[in-house]
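Following: one structure in structure tokens, then a few remarks.
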Amino acid sequence: MIQKIKENPFLRFLVLASSSYLLWYWLYNKVITPLTDLNRIVIDNLIDLSSIALRTLGYQLIPEPPAADQIRTVGIDGTYGLWIGDPCNGITLFALFTLFVLWYPGPWKKKLWYIPMGLITIHLINVLRIVALCIIVTYDYAYLDFNHNYTFTIVVNGYMFLLWIIWATRISNVKLKQDQN
221 MIQKIKENPF LRFLVLASSS YLLWYWLYNK VITPLTDLNR IVIDNLIDLS
271 SIALRTLGYQ LIPEPPAADQ IRTVGIDGTY GLWIGDPCNG ITLFALFTLF
321 VLWYPGPWKK KLWYIPMGLI TIHLINVLRI VALCIIVTYD YAYLDFNHNY
371 TFTIVVNGYM FLLWIIWATR ISNVKLKQDQ N
């Protein structure tokens, strides 16, 4: 079985990526989340960038409460705002994207620029998602759940999938064996 995995690049990729993700998941939940402020740092950055984008678009934001460092909310004045939880901060997507590119064959030089570029653009797509959800809430709060759970899940995951496809077909330089029949 181990020999089969070593000889088959696809099986090797699946085993390495899956086991790495399981290790990441355990580390994230048992070590990183309880012992660090990573979630908070990413959420604060999402709030800051979303606030800048909303102000640039001409929106007045909800006032910051006295204990603003404890708040995870961003929104347009006149609404309740949008609360950003840990599952929505994009860290899981960062891990999935990174592990896919890391374990998929390809030159390390290209991985060293493609992974950070992908992480930054995934983060920016998440900022755009938050901005759009804040705007949606100003028009009709009833549309929030559908757009949060479906529309933007498809958009963000679709973008990450597109990055994977670009890596696998254009950048990694991996040539797939053609069927000789």
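Residue 221 is where the sequence shown starts when you use my numbering, and the numbers rise one by one after that.
The beta-carbon is built from N, C-alpha and C at its ideal position, and this holds for glycine as well.
Residue i, DSSP secondary structure in three states
i    : result
T299 : coil
L266 : helix
L236 : helix
N401 : In this predicted model, N401 has a pLDDT of only 49, less than 50, meaning its place in the structure is not dependable; the value taken from the coordinates is given anyway. Residue state, collapsed to three classes: coil.
T293 : strand
L277 : coil
Y363 : helix
M221 : coil
V394 : coil
D306 : helix
I282 : coil
K256 : According to the sequence shown, residue 256 is Thr rather than Lys. Three-state result, T256: coil.
N228 : coil
Nearest-angstrom Cβ-Cβ length linking residue i and residue j, presumed shorter than 8 Å
i    : j    : result
I296 : T358 : 5 Å
R232 : I222 : Contact doesn't hold; Cβ gap of about 10 Å is too wide.
K331 : L322 : 7 Å
Y334 : W387 : 6 Å
Closest by C-alpha distance to residue i, when choosing among the options
i    : options                : result
D360 : P327, H343, T299       : T299
G278 : I355, G326, W384, P229 : I355
G310 : A237, M380, S239       : M380
P307 : L344, S238, T373, I225 : T373
Q280 : N369, G301, I225       : G301
L344 : T253, L269, S238, F230 : L269
L236 : L255, I291, L319       : L319
C-beta neighbour in chain C for residue i, strict 8 Å
i    : result
L247 : Protein chain content of the structure displayed is limited to a single chain, and chain C is not contained in it.
Quiz item: Taking one C-beta from the stretch 269-286 and one from the stretch 349-359 each time, how about it: are there three or more such pairs within less than 8 Å?
Solution: yes
Quiz item: Would you call the stretch 313-320 and the stretch 241-248 touching, i.e. three or more CB-CB distances under 8 Å?
Solution: yes
Quiz item: Are at least three pairs of beta-carbons, each pair with one atom in the stretch 319-327 and one in the stretch 251-267, less than 8 Å apart?
Solution: no
Exercise. Just list the alpha helix (DSSP H) runs in the stretch 315-378, keeping only unbroken ones of 4 residues or longer that don't cross its boundaries, in chain order.
Key: 328-359, 363-366
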